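Undergrad: Quick one: structure below, then a few questions.
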Ligand SMILES: [Zn+2]
Ligand SMILES: [Zn+2]
């Protein structure tokens, strides 16, 4: 069965491994497969009816444009694909690479984490003052 490579558009004889069809032997690299996997797992979190057009080559371009770093802290190597605005979907203008910590804060609000620390600092301060 012939397949078309999602990166170079070249036709090749498809390999029958479920979920991994779409990369020609030249582009069948660990890196490309890992990124392809990331797109597919992000797709599972897509809200119903949101657009879903992100291609592997677009995502590889986005990752390169962030120099392989997390888009938020720009310190750590990214390890997840964040859909920025859920209803805008899995599209090139709405995805960013994030590190594990920033991904967590994006999902759970960095501001609430700041408030939690503030509250703990106050307790800590009153405990020390009481001594
Ligand atoms: Zn290819
Ligand atoms: Zn980060």
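Residue numbers (the working numbering): 145 to 275.
We put the beta carbon where it would ideally sit given N, CA and C, even for glycine.
Keep in mind the model is a prediction, meaning the values are calculated, not measured.
1. Identify, in the order they occur along the chain, each residue of the same chain with its Cβ nearer than 7 Å to the Cβ of residue 228, setting aside the five sequence neighbours on each side.
2. Taking residue 196 and residue 187 to be in contact with their CB atoms under 8 Å, please state how far apart those CB atoms are, rounded to whole angstroms.
3. Any idea what DSSP makes of residue 145, helix, strand or coil?
4. Taking contact to mean at least 3 C-beta pairs separated by less than 8 Å, is the stretch 201-221 in contact with the stretch 260-272?
5. Any idea which residues DSSP pairs residue 224 with across the strands?
6. Output needed for residue 232: all residues of its chain with C-beta closer than 6 Å, excluding positions within five of it in sequence on either side, in chain order.
7. According to DSSP, simplified to helix, strand and coil, what is residue 234?
8. What does DSSP give as the partner residue(s) for residue 155 in the beta ladder?
9. Name the two residues that bound the continuous alpha helix (DSSP H) containing residue 192.
TA: Let me spell this out:
1. Answer for residue 228: 238, 239, 240, listed in chain order.
2. About 6 Å separates the two Cβ atoms, so the contact holds.
3. Three-state result, residue 145: coil.
4. At 8 Å Cβ cutoff, the stretches do not touch.
5. BP columns for residue 224 point to 242.
6. Hits under 6 Å: 238.
7. Looking at residue 234 - three-state DSSP - the assignment turns out to be strand.
8. Residue 155 is bridged to 148.
9. Element bounds for residue 192: n/a, residue is neither H nor E.
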